[in-house]
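Working notes, beginning with the structure itself.
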Amino acid sequence: MLDEFCWGRVNRISPEAPVPIVQVKTETWRPGGAANVASNIVALGGKAHIFGLIGDDGQGRRLTEELQKENILTTGLIIDSGRRTSVKTRILAQNQQMLRVDREHTEPIDYERQKNILSTLSDLIDELDGIIISDYAKGVVVEPLFKEIVEKFRRKNKFIAVDPKLKNFQLYKKPTIITPNTKEAEEALGRVFETEEDVLKGGVDLLKLSGSDAILITRSENGMTLFVKGEEPVTIPTRAMNVFDVTGAGDTVISTLSLGMAAGCSMAKAAEVANLAAGVVVGKVGTATASRKEILHHFDRL
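What the sequence shown shows, in this note's numbering, is residues 195 to 496, in sequence order.
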């Protein structure tokens with residue numbers, strides 16, 4: 195996914211409709227969606243391969259260029275002439291988002307595309323510590339593909355981290371960890387969390403539903419709560435000092451968490467660092483990452 199930003203100013207209202215006119219001054223592009231997860235890993239000093247589909251179009255070529263600028267390995271990207279590259283265009287004035295325009299295909303990928311992704315992944319699996327499946331509900335994360343990936347990584351004793359989407363939650367079976375936000379957790383269980391007890395029961399129920407080793411529920415201003423099989427839940431308070439934009443905060447959480455696990459941290463310790471990293475990125479405008487230096491500086495200011 196490519197994130198496009200149009201930065202400008204508003205000086206007047208349109209005579210055609212009661213909407214502001216944004217005078218665009220600059221345009222910028224960044225890897226978005228699952229690609230932003232890879233950006234976060236590299237920003238923290240890790241090495242990232244990216245797997246997925248892009249269209250045979252200018253946006254796909256720009257996304258590939260942006261990834262390569264960040265030293266993200268793109269051998270796992272498959273060009274599909276039958277799909278367009280997903281693009282989210284955000285129009286901002288005075289650093290405030292005015293509008294977002296999405297251009298994408300969301301049809302489920304066919305067997306051939308699934309086979310292509312699995313083949314590329316199999317060629318590189320021995321180089322990997324684990325995999326992050328960042329599901330943006332664009333038709334790539336389908337049940338047969340997900341099952342095959344989980345089986346391959348389980349056999350190799352490598353972790354599988356999943357950032358879920360609402361309508362797909364039922365397919366996330368037996369990964370290492372899933373990181374839903376509160377809304378996603380509520381939707382998966384079909385009930386609203388009104389109290390702390392509701393959250394604690396919900397996390398335990400999600401462990402049973404998914405067969406996952408762990409669940410990390412991200413809870414916005416209430417921090418995050420980690421549920422690990424056989425252990426007591428742990429709630430980590432939020433570490434955000436300023437909140438300007440929550441774009442990509444979930445990407446930062448799962449990438450930092452996964453990098454921590456790959457480095458040998460316990461899930462609890464990795465979640466604490468992920469919480470700090472999220473506190474950094476929500477203080478920035480647009481799709482953003484957190485570096486090691488920024489996380490340490492943020493920790494020193496707490």
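Glycine included, C-beta positions come from ideal geometry on N, C-alpha and C.
Straight-line Cα distance separating residue j from residue i
i, j, result
"S280", "D296", "8 Å"
"E391", "D329", "28 Å"
"R413", "P369", "21 Å"
"E240", "L453", "In the sequence as presented, Glu is not what sits at residue 240; that position holds Gly. Those two C-alpha atoms are separated by around 7 Å."
"G473", "R307", "37 Å"
"I303", "I327", "16 Å"
"Q288", "T481", "16 Å"
"L394", "F421", "8 Å"
"T283", "E426", "42 Å"
"A237", "C200", "24 Å"
"R224", "N230", "8 Å"
"M292", "E345", "43 Å"
"R203", "I448", "34 Å"
Status (buried if at least 16 other CB within 10 Å, exposed otherwise) for residue i
i, result
"V218", "exposed"
"R206", "exposed"
"E198", "buried"
"T419", "buried"
"S404", "buried"
"R433", "buried"
"D357", "buried"
"A211", "exposed"
"H491", "exposed"
"V213", "exposed"
Cβ separation of residue i and residue j, assumed to be a contact under 8 Å, to the nearest whole Å
i, j, result
"I409", "G397", "5 Å"
"G333", "N375", "About 21 Å separates the two Cβ atoms, so there is no contact after all."
"I343", "L315", "7 Å"
Three-state secondary structure assigned by DSSP to residue i
i, result
"G333", "coil"
"L451", "helix"
"A232", "helix"
"L238", "coil"
"T222", "strand"
"G473", "helix"
CB contact check: residue i to chain D, cutoff 9 Å
i, result
"D296", "Annotation note: the requested chain D is absent from the structure, which comprises a single protein chain."
Contained alpha helix (DSSP H) runs [length at least 4] in the segment 384 to 443, N- to C-terminal order: 390 to 404
Please specify which runs of the beta strand (DSSP E), each continuous and at least 3 residues long, are wholly inside the segment 242 to 322, giving them in chain order. Correct list: 243 to 249, 267 to 274, 281 to 287, 290 to 297.
Ordered list of beta strand (DSSP E) runs contained in the segment 344 to 369, each at least 3 residues: As far as the segment 344 to 369 is concerned, its whole beta strand (DSSP E) runs of at least 3 residues are 353 to 357.
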